[in-house]
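>
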Amino acid sequence: MASIVLQNVTKVFDRRVAAVSSLSLDVQDGEFMVIVGPSGCGKTTILRLIAGLETPTLGEIRISDRVVNGVSPKDRDVAMVFQDGVLYPHMTVLENLAFPLRMRGQSKTQTRQRVRAVVEMLGIVDLVDRKPAALSGGQRQRVALGRAVVREPAAFLFDEPLSGLDVTLRLAMRDQIKALQQRLRTTSLYVTHDQSEAMALGERVCVLWEGRIQQVGRPTEVYDRPANRFVAGFFGTPPMSFLTGRIRRESGTAFVDVAGGTIVLPTSLSSDRAASGPETIVVGVRPHDLSLEPSPQQKDGVFSGRVTSVEPFGSRTDVHVVLVSGEPCTVSSPPHLRVETGEEVRLRVDPDRLHLFTSDGATLDVSCPPAKG
(Lines of atoms letter the chains of each structure in order from A and count residues from 1; the text may use other names and numbers.)
(Lines give C-alpha, C1' and ligand atoms only; values in the text may rest on other atoms or scores of the structure.)
Protein backbone atom coordinates (compact mmCIF):
# COMPACT_ATOMS: atom_id res chain seq x y z
CA MET A 1 0.00 0.00 0.00
CA ALA A 2 1.03 3.61 -0.37
CA SER A 3 0.19 7.20 0.36
CA ILE A 4 -0.17 9.61 -2.56
CA VAL A 5 0.74 13.27 -2.12
CA LEU A 6 0.41 16.08 -4.63
CA GLN A 7 2.11 19.29 -3.53
CA ASN A 8 1.30 22.54 -5.36
CA VAL A 9 0.85 20.69 -8.65
CA THR A 10 0.03 22.68 -11.79
CA LYS A 11 -0.48 21.25 -15.27
CA VAL A 12 -0.61 23.66 -18.20
CA PHE A 13 -1.37 22.46 -21.73
CA ASP A 14 -0.28 24.38 -24.83
CA ARG A 15 1.34 27.03 -22.62
CA ARG A 16 -2.01 28.57 -21.78
CA VAL A 17 -4.64 26.07 -20.61
CA ALA A 18 -4.24 25.24 -16.90
CA ALA A 19 -6.03 21.92 -16.37
CA VAL A 20 -4.85 21.80 -12.74
CA SER A 21 -3.81 24.85 -10.71
CA SER A 22 -1.64 24.83 -7.55
CA LEU A 23 -3.32 21.65 -6.32
CA SER A 24 -2.31 19.98 -3.06
CA LEU A 25 -3.88 16.68 -2.02
CA ASP A 26 -2.94 13.96 0.47
CA VAL A 27 -4.40 10.47 -0.05
CA GLN A 28 -3.63 8.38 3.01
CA ASP A 29 -2.28 4.85 3.01
CA GLY A 30 -5.17 2.42 2.43
CA GLU A 31 -7.74 5.18 1.88
CA PHE A 32 -10.50 5.21 -0.75
CA MET A 33 -10.72 8.81 -1.94
CA VAL A 34 -13.07 10.02 -4.68
CA ILE A 35 -12.37 13.07 -6.83
CA VAL A 36 -15.68 14.44 -8.10
CA GLY A 37 -16.55 17.37 -10.32
CA PRO A 38 -18.10 18.32 -13.66
CA SER A 39 -16.63 17.32 -17.00
CA GLY A 40 -13.45 19.19 -17.89
CA CYS A 41 -12.53 20.18 -14.34
CA GLY A 42 -9.18 18.30 -14.33
CA LYS A 43 -10.11 14.98 -12.68
CA THR A 44 -8.58 12.67 -15.27
CA THR A 45 -5.54 14.92 -15.62
CA ILE A 46 -4.78 14.34 -11.93
CA LEU A 47 -4.87 10.56 -12.41
CA ARG A 48 -2.65 10.78 -15.48
CA LEU A 49 -0.15 12.92 -13.57
CA ILE A 50 -0.01 10.35 -10.76
CA ALA A 51 0.33 7.46 -13.23
CA GLY A 52 3.12 9.24 -15.09
CA LEU A 53 1.18 9.61 -18.34
CA GLU A 54 1.48 13.40 -18.00
CA THR A 55 4.28 15.51 -16.55
CA PRO A 56 3.45 18.31 -14.09
CA THR A 57 4.35 21.82 -15.18
CA LEU A 58 5.01 22.73 -11.54
CA GLY A 59 4.88 20.93 -8.22
CA GLU A 60 5.78 17.57 -6.76
CA ILE A 61 4.11 14.14 -6.74
CA ARG A 62 5.03 11.52 -4.14
CA ILE A 63 3.99 7.88 -3.92
CA SER A 64 5.00 6.07 -0.73
CA ASP A 65 7.15 9.08 0.25
CA ARG A 66 9.12 8.78 -3.01
CA VAL A 67 9.16 11.70 -5.44
CA VAL A 68 8.04 10.24 -8.78
CA ASN A 69 8.11 13.30 -11.06
CA GLY A 70 10.81 11.75 -13.24
CA VAL A 71 9.89 8.09 -12.71
CA SER A 72 8.61 6.00 -15.63
CA PRO A 73 4.93 4.92 -15.43
CA LYS A 74 5.90 1.24 -15.26
CA ASP A 75 8.02 1.90 -12.19
CA ARG A 76 5.37 3.77 -10.16
CA ASP A 77 3.55 0.60 -9.01
CA VAL A 78 0.05 1.93 -9.68
CA ALA A 79 -2.73 0.26 -11.67
CA MET A 80 -5.24 2.27 -13.68
CA VAL A 81 -8.79 1.12 -14.50
CA PHE A 82 -10.39 2.99 -17.39
CA GLN A 83 -13.97 3.72 -18.38
CA ASP A 84 -13.98 1.38 -21.38
CA GLY A 85 -12.42 -1.65 -19.64
CA VAL A 86 -9.47 -2.02 -22.02
CA LEU A 87 -8.67 -5.69 -22.75
CA TYR A 88 -6.62 -7.43 -25.42
CA PRO A 89 -9.25 -8.64 -27.92
CA HIS A 90 -7.26 -11.66 -29.16
CA MET A 91 -6.72 -13.03 -25.64
CA THR A 92 -9.11 -14.97 -23.43
CA VAL A 93 -10.06 -13.61 -20.01
CA LEU A 94 -7.53 -15.97 -18.44
CA GLU A 95 -4.78 -14.75 -20.76
CA ASN A 96 -5.70 -11.10 -20.17
CA LEU A 97 -5.42 -11.60 -16.42
CA ALA A 98 -2.14 -13.49 -16.66
CA PHE A 99 -0.49 -11.05 -19.06
CA PRO A 100 0.71 -8.45 -16.49
CA LEU A 101 2.30 -11.21 -14.41
CA ARG A 102 4.00 -12.75 -17.44
CA MET A 103 5.48 -9.36 -18.29
CA ARG A 104 6.92 -9.24 -14.78
CA GLY A 105 8.58 -12.60 -15.31
CA GLN A 106 6.60 -14.48 -12.69
CA SER A 107 6.63 -18.27 -12.90
CA LYS A 108 3.72 -20.20 -14.42
CA THR A 109 2.88 -21.63 -11.00
CA GLN A 110 2.79 -18.21 -9.33
CA THR A 111 0.77 -16.76 -12.20
CA ARG A 112 -1.74 -19.62 -12.13
CA GLN A 113 -2.24 -19.31 -8.37
CA ARG A 114 -2.63 -15.54 -8.44
CA VAL A 115 -5.07 -15.56 -11.38
CA ARG A 116 -7.16 -18.29 -9.76
CA ALA A 117 -7.41 -16.25 -6.56
CA VAL A 118 -8.53 -13.14 -8.46
CA VAL A 119 -11.17 -14.84 -10.62
CA GLU A 120 -12.66 -16.43 -7.52
CA MET A 121 -12.58 -13.11 -5.66
CA LEU A 122 -14.41 -11.32 -8.50
CA GLY A 123 -16.81 -14.17 -9.32
CA ILE A 124 -15.70 -14.57 -12.94
CA VAL A 125 -14.62 -18.23 -12.90
CA ASP A 126 -17.13 -19.06 -15.64
CA LEU A 127 -15.70 -16.37 -17.94
CA VAL A 128 -12.05 -17.40 -18.10
CA ASP A 129 -12.22 -19.07 -21.53
CA ARG A 130 -14.15 -16.28 -23.24
CA LYS A 131 -12.69 -13.49 -25.33
CA PRO A 132 -13.69 -9.83 -24.73
CA ALA A 133 -16.10 -9.78 -27.69
CA ALA A 134 -18.21 -12.42 -25.93
CA LEU A 135 -18.49 -10.41 -22.69
CA SER A 136 -21.15 -7.94 -21.60
CA GLY A 137 -20.17 -4.43 -20.50
CA GLY A 138 -20.31 -5.37 -16.83
CA GLN A 139 -18.28 -8.54 -17.41
CA ARG A 140 -15.59 -6.63 -19.32
CA GLN A 141 -15.35 -4.12 -16.50
CA ARG A 142 -14.94 -6.90 -13.91
CA VAL A 143 -12.16 -8.45 -15.98
CA ALA A 144 -10.48 -5.05 -16.36
CA LEU A 145 -10.70 -4.67 -12.59
CA GLY A 146 -9.16 -8.12 -12.25
CA ARG A 147 -6.23 -7.09 -14.46
CA ALA A 148 -5.51 -4.30 -12.00
CA VAL A 149 -6.00 -6.44 -8.89
CA VAL A 150 -3.83 -9.32 -10.11
CA ARG A 151 -0.78 -7.03 -10.16
CA GLU A 152 -1.10 -6.27 -6.42
CA PRO A 153 -0.15 -2.61 -6.98
CA ALA A 154 0.56 -0.05 -4.30
CA ALA A 155 -2.44 1.99 -5.48
CA PHE A 156 -5.47 1.82 -7.76
CA LEU A 157 -6.44 4.73 -10.03
CA PHE A 158 -10.04 4.50 -11.27
CA ASP A 159 -10.97 6.76 -14.21
CA GLU A 160 -14.80 6.78 -14.28
CA PRO A 161 -14.93 2.97 -14.67
CA LEU A 162 -18.72 2.71 -14.38
CA SER A 163 -19.96 5.59 -16.53
CA GLY A 164 -20.56 3.38 -19.58
CA LEU A 165 -22.79 0.89 -17.75
CA ASP A 166 -26.55 0.94 -17.30
CA VAL A 167 -27.99 1.83 -13.90
CA THR A 168 -28.44 -1.73 -12.58
CA LEU A 169 -24.93 -2.83 -13.57
CA ARG A 170 -23.46 0.41 -12.28
CA LEU A 171 -24.94 -0.12 -8.82
CA ALA A 172 -23.79 -3.75 -8.72
CA MET A 173 -20.24 -2.85 -9.81
CA ARG A 174 -20.14 0.03 -7.34
CA ASP A 175 -20.87 -2.37 -4.50
CA GLN A 176 -18.25 -4.81 -5.78
CA ILE A 177 -15.54 -2.15 -6.05
CA LYS A 178 -16.25 -0.88 -2.56
CA ALA A 179 -16.24 -4.39 -1.07
CA LEU A 180 -13.02 -5.23 -2.91
CA GLN A 181 -11.25 -2.12 -1.65
CA GLN A 182 -12.37 -2.78 1.91
CA ARG A 183 -11.02 -6.32 1.63
CA LEU A 184 -7.68 -5.41 0.06
CA ARG A 185 -7.23 -1.99 1.74
CA THR A 186 -5.25 -0.83 -1.27
CA THR A 187 -4.93 2.94 -1.57
CA SER A 188 -7.48 4.00 -4.18
CA LEU A 189 -8.17 7.24 -6.03
CA TYR A 190 -11.45 7.16 -7.92
CA VAL A 191 -12.64 9.80 -10.40
CA THR A 192 -16.30 10.43 -11.24
CA HIS A 193 -18.68 13.20 -12.30
CA ASP A 194 -21.53 11.49 -10.40
CA GLN A 195 -22.06 13.02 -6.94
CA SER A 196 -24.15 10.05 -5.73
CA GLU A 197 -21.34 7.67 -6.73
CA ALA A 198 -18.85 9.84 -4.85
CA MET A 199 -21.03 9.85 -1.73
CA ALA A 200 -21.50 6.07 -1.86
CA LEU A 201 -17.87 5.09 -2.44
CA GLY A 202 -15.55 7.61 -0.85
CA GLU A 203 -14.17 7.55 2.65
CA ARG A 204 -13.31 11.13 1.76
CA VAL A 205 -14.40 13.21 -1.20
CA CYS A 206 -12.36 15.84 -3.03
CA VAL A 207 -14.58 18.31 -4.91
CA LEU A 208 -12.88 19.79 -7.96
CA TRP A 209 -13.92 22.71 -10.16
CA GLU A 210 -11.92 24.40 -12.90
CA GLY A 211 -8.73 22.66 -11.82
CA ARG A 212 -8.93 23.76 -8.19
CA ILE A 213 -9.98 21.93 -5.05
CA GLN A 214 -13.16 23.35 -3.55
CA GLN A 215 -13.46 21.08 -0.50
CA VAL A 216 -12.08 17.83 0.91
CA GLY A 217 -13.97 15.92 3.59
CA ARG A 218 -16.16 12.99 4.51
CA PRO A 219 -19.23 12.65 2.26
CA THR A 220 -21.64 13.70 5.02
CA GLU A 221 -19.47 16.70 5.88
CA VAL A 222 -19.36 17.89 2.28
CA TYR A 223 -23.13 17.47 1.96
CA ASP A 224 -24.15 19.00 5.30
CA ARG A 225 -21.49 21.73 5.52
CA PRO A 226 -20.51 22.76 1.99
CA ALA A 227 -17.56 25.13 1.82
CA ASN A 228 -19.11 27.29 -0.89
CA ARG A 229 -22.08 27.67 -3.18
CA PHE A 230 -20.57 25.48 -5.91
CA VAL A 231 -20.20 22.51 -3.56
CA ALA A 232 -23.68 23.10 -2.14
CA GLY A 233 -25.25 23.09 -5.59
CA PHE A 234 -23.25 20.15 -6.90
CA PHE A 235 -24.33 17.70 -4.20
CA GLY A 236 -27.91 16.62 -3.77
CA THR A 237 -30.74 15.32 -5.95
CA PRO A 238 -32.73 17.43 -6.62
CA PRO A 239 -30.11 20.17 -6.17
CA MET A 240 -30.23 22.91 -3.57
CA SER A 241 -32.38 25.96 -4.35
CA PHE A 242 -30.72 29.38 -4.07
CA LEU A 243 -32.69 32.51 -3.14
CA THR A 244 -31.61 36.12 -2.73
CA GLY A 245 -31.96 37.32 0.85
CA ARG A 246 -31.29 40.41 2.91
CA ILE A 247 -30.12 40.33 6.50
CA ARG A 248 -31.43 42.80 9.08
CA ARG A 249 -31.01 42.99 12.82
CA GLU A 250 -33.44 44.04 15.52
CA SER A 251 -32.75 44.00 19.27
CA GLY A 252 -29.89 41.55 18.90
CA THR A 253 -31.85 39.15 16.69
CA ALA A 254 -30.87 38.51 13.07
CA PHE A 255 -33.55 38.09 10.41
CA VAL A 256 -33.31 37.33 6.73
CA ASP A 257 -35.97 38.57 4.34
CA VAL A 258 -36.23 36.17 1.43
CA ALA A 259 -38.78 35.38 -1.30
CA GLY A 260 -41.48 37.53 0.29
CA GLY A 261 -41.08 35.91 3.70
CA THR A 262 -39.01 36.42 6.83
CA ILE A 263 -36.86 33.91 8.69
CA VAL A 264 -35.48 34.36 12.19
CA LEU A 265 -31.93 33.07 12.02
CA PRO A 266 -31.14 30.49 14.72
CA THR A 267 -28.37 31.21 17.20
CA SER A 268 -26.04 28.86 15.34
CA LEU A 269 -26.17 31.20 12.34
CA SER A 270 -26.94 34.62 13.81
CA SER A 271 -23.97 34.41 16.17
CA ASP A 272 -21.36 33.86 13.48
CA ARG A 273 -20.30 35.65 10.31
CA ALA A 274 -23.89 35.96 9.06
CA ALA A 275 -24.72 38.42 11.82
CA SER A 276 -21.94 40.79 10.83
CA GLY A 277 -21.66 39.87 7.17
CA PRO A 278 -23.01 41.58 4.06
CA GLU A 279 -26.59 42.83 3.95
CA THR A 280 -27.42 40.99 0.71
CA ILE A 281 -26.75 37.26 0.80
CA VAL A 282 -27.70 34.01 -0.95
CA VAL A 283 -29.89 31.59 0.99
CA GLY A 284 -29.55 27.92 0.09
CA VAL A 285 -32.16 25.34 1.04
CA ARG A 286 -32.34 21.67 0.13
CA PRO A 287 -35.64 20.30 -1.23
CA HIS A 288 -36.13 17.90 1.70
CA ASP A 289 -35.79 20.81 4.16
CA LEU A 290 -38.87 22.48 2.67
CA SER A 291 -42.44 21.35 3.30
CA LEU A 292 -45.79 22.19 1.74
CA GLU A 293 -48.20 23.50 4.37
CA PRO A 294 -51.78 24.43 3.35
CA SER A 295 -52.48 26.31 6.60
CA PRO A 296 -49.21 27.02 8.43
CA GLN A 297 -49.59 27.83 12.11
CA GLN A 298 -46.53 30.10 12.07
CA LYS A 299 -45.58 32.86 9.65
CA ASP A 300 -41.83 32.65 10.27
CA GLY A 301 -40.09 30.90 7.39
CA VAL A 302 -43.23 30.63 5.23
CA PHE A 303 -43.19 31.50 1.51
CA SER A 304 -45.91 31.58 -1.11
CA GLY A 305 -45.65 30.38 -4.68
CA ARG A 306 -47.23 28.61 -7.62
CA VAL A 307 -46.61 25.00 -8.68
CA THR A 308 -45.04 24.78 -12.15
CA SER A 309 -44.59 21.00 -12.36
CA VAL A 310 -44.89 17.83 -10.28
CA GLU A 311 -42.57 14.81 -10.58
CA PRO A 312 -43.62 11.61 -8.76
CA PHE A 313 -40.78 9.15 -8.04
CA GLY A 314 -42.59 6.58 -5.91
CA SER A 315 -40.67 7.15 -2.68
CA ARG A 316 -41.05 10.93 -2.99
CA THR A 317 -42.69 13.60 -5.11
CA ASP A 318 -40.68 16.59 -6.29
CA VAL A 319 -42.76 19.75 -6.56
CA HIS A 320 -41.30 22.63 -8.57
CA VAL A 321 -42.52 26.05 -7.48
CA VAL A 322 -42.05 29.65 -8.57
CA LEU A 323 -42.10 31.87 -5.48
CA VAL A 324 -43.73 35.31 -5.31
CA SER A 325 -40.24 36.74 -5.78
CA GLY A 326 -40.07 35.04 -9.18
CA GLU A 327 -37.36 32.65 -8.00
CA PRO A 328 -37.69 28.89 -8.60
CA CYS A 329 -37.31 26.27 -5.88
CA THR A 330 -37.99 22.56 -5.45
CA VAL A 331 -39.73 20.74 -2.60
CA SER A 332 -39.32 17.00 -1.98
CA SER A 333 -42.63 15.87 -0.48
CA PRO A 334 -44.07 12.57 0.76
CA PRO A 335 -45.49 10.49 -2.10
CA HIS A 336 -49.06 10.64 -0.78
CA LEU A 337 -49.22 14.46 -0.95
CA ARG A 338 -51.32 15.62 -3.89
CA VAL A 339 -50.77 18.97 -5.58
CA GLU A 340 -51.56 20.14 -9.09
CA THR A 341 -49.68 22.26 -11.61
CA GLY A 342 -50.83 25.87 -11.30
CA GLU A 343 -51.91 25.46 -7.68
CA GLU A 344 -51.03 28.22 -5.21
CA VAL A 345 -49.06 26.77 -2.30
CA ARG A 346 -47.26 27.79 0.87
CA LEU A 347 -43.85 26.47 1.80
CA ARG A 348 -42.18 26.29 5.16
CA VAL A 349 -38.43 25.99 5.70
CA ASP A 350 -36.58 24.66 8.73
CA PRO A 351 -34.38 27.64 9.79
CA ASP A 352 -31.79 25.30 11.30
CA ARG A 353 -31.21 23.75 7.87
CA LEU A 354 -30.46 26.96 5.98
CA HIS A 355 -27.17 27.50 4.16
CA LEU A 356 -26.02 31.11 3.86
CA PHE A 357 -23.53 32.38 1.30
CA THR A 358 -22.09 35.70 0.23
CA SER A 359 -23.00 36.99 -3.23
CA ASP A 360 -19.69 35.61 -4.57
CA GLY A 361 -20.41 32.13 -3.18
CA ALA A 362 -18.39 31.91 0.06
CA THR A 363 -20.09 30.24 3.00
CA LEU A 364 -21.18 32.32 5.99
CA ASP A 365 -21.05 29.31 8.31
CA VAL A 366 -17.84 29.46 10.35
CA SER A 367 -18.11 25.75 11.18
CA CYS A 368 -17.49 24.89 7.53
CA PRO A 369 -13.94 24.17 6.35
CA PRO A 370 -12.61 26.85 4.02
CA ALA A 371 -12.62 26.27 0.29
CA LYS A 372 -9.23 25.14 -0.97
CA GLY A 373 -7.19 25.31 -4.13
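Counting in our numbering, the sequence shown runs from 17 upward without gaps.
Backbone N, C-alpha and C define an ideal beta-carbon position, used for all residues, glycine too.
Kindly give me the distance between the Cβ atoms of valine 355 and valine 318, rounded to whole angstroms, as I take these residues to be in contact under 8 Å.
The Cβ separation is near 16 Å, so there is no contact.
> Quick one: give me the first and last residue of the alpha helix (DSSP H) that phenylalanine 250 is part of.
245-250
> How big is the Cα-Cα spacing for serine 307 and glutamate 176?
36 Å
> What does DSSP give as the partner residues of methionine 189 in its beta bridges?
None, per the DSSP bridge assignment.
> In this structure, does DSSP put glutamate 213 in helix, strand or coil?
Reduced to three states, the DSSP call for glutamate 213 is helix.
> Could you please give the first and the last residue of the uninterrupted beta strand (DSSP E) stretch that includes lysine 27?
20-29
> Glutamate 47 and glutamate 219 look like a contact to me (Cβ under 8 Å); what is the Cβ gap, rounded to whole Å?
Going by Cβ atoms, the distance from glutamate 47 to glutamate 219 rounds to 6 Å, so yes, they are a contact pair.
> Per DSSP, which residues does aspartate 11 bridge with? Please list them.
Past the boundaries of the shown model lies residue 11; the chain is included only from 17 to 389, so the question cannot be answered.
> Checking the sheet assignment: what are the DSSP bridge partners for glutamate 360?
Arg322
> Suppose the cutoff is 8 Å on Cβ atoms and the five residues either side in sequence are ignored; what does the same chain contact list for glutamate 390 look like?
The requested residue 390 does not occur in the structure, where the chain is confined to residues 17 to 389.
> Would the beta-carbon of isoleucine 79 fall within 8 Å of that of valine 207?
no
> Identify every residue that forms a DSSP beta bridge with alanine 378.
Asn244
> Rounded C-beta distance between glycine 162 and isoleucine 140? I'm assuming under 8 Å.
Beta-carbon to beta-carbon, glycine 162 and isoleucine 140 are separated by about 7 Å, close enough to satisfy the 8 Å threshold.
> Bridge partners of isoleucine 77, per DSSP?
Leu22
> Check whether the region 68-76 touches the region 181-195, counting contact only when three or more Cβ pairs, one atom from each stretch, lie closer than 8 Å.
no
> By DSSP, does isoleucine 62 sit in helix, in strand, or in coil?
helix
> Along the alpha helix (DSSP H) that carries phenylalanine 115, what are the first and last residues, could you check?
Unbroken alpha helix (DSSP H) run through phenylalanine 115: 109-119.
> Per the DSSP calculation, arginine 220 is bridged to which residue(s)?
Met49
> In the DSSP assignment, the beta strand (DSSP E) including valine 159 goes from what residue to what residue?
Secondary structure note for valine 159: it is in no beta strand (DSSP E), and the uninterrupted alpha helix (DSSP H) holding it is 153-166.
> Determine the direct distance from the alpha carbon of methionine 49 to that of valine 43, and round the result to whole angstroms.
Taking C-alpha positions only, valine 43 is separated from methionine 49 by approximately 7 Å.
> Would you mind working out which of Val135, Ile77, Asp376 sits nearest aspartate 145, comparing C-alpha positions?
Val135
> DSSP has arginine 302 in a bridge; who is on the other side?
Bridge pairing for arginine 302: absent [DSSP].
> Could you give the first and the last residue of the continuous beta strand (DSSP E) run that contains threonine 346?
344-349
> If you draw a straight line from the alpha carbon of tyrosine 104 to that of alanine 114, how long is it in whole angstroms?
12 Å
> What residues in its chain sit with their C-beta under 6 Å from that of arginine 64, if we drop five residues either side in the sequence?
Glu70
> Going by C-alpha distance, which of Asp100, Ser267, Gln129 is nearest arginine 158?
Asp100
> So which of Gly277, Gly321, His336, Gly276 has the shortest CA-CA distance to histidine 304?
Of the candidates Gly277, Gly321, His336, Gly276, His336 places its Cα closest to the Cα of histidine 304.
> Does the count of Cβ pairs from the region 371-378 and the region 243-250 closer than 8 Å reach three?
yes
> Taking only three categories from DSSP, how would you classify leucine 353?
For leucine 353, the three-state secondary structure derived from DSSP is coil.
> In terms of residue numbering, what span does the beta strand (DSSP E) encompassing valine 43 cover?
33-43
> Can you tell me which of Thr346, Val323, Arg332, Gly277 puts its alpha carbon nearest to the alpha carbon of glycine 358?
Val323
> Does methionine 137 come out as helix, strand or coil in the three-state DSSP assignment?
helix
> Pull the bridge partners of glycine 402 from the DSSP assignment, please.
With the chain running from 17 to 389 in the structure shown, residue 402 is simply not present.
> Could you say which of Pro148, Phe172, Gln23 lies nearest to valine 83 if we only look at CA atoms?
Gln23
> In angstroms, rounded to a whole number, what distance separates the CA positions of proline 169 and arginine 186?
24 Å
> For aspartate 392, which option in Val109, Pro116, Met107, Val102 has the closest C-alpha, if you only look at C-alpha atoms?
Because the chain in this structure spans residues 17 to 389, residue 392 falls outside the shown range and cannot be described.
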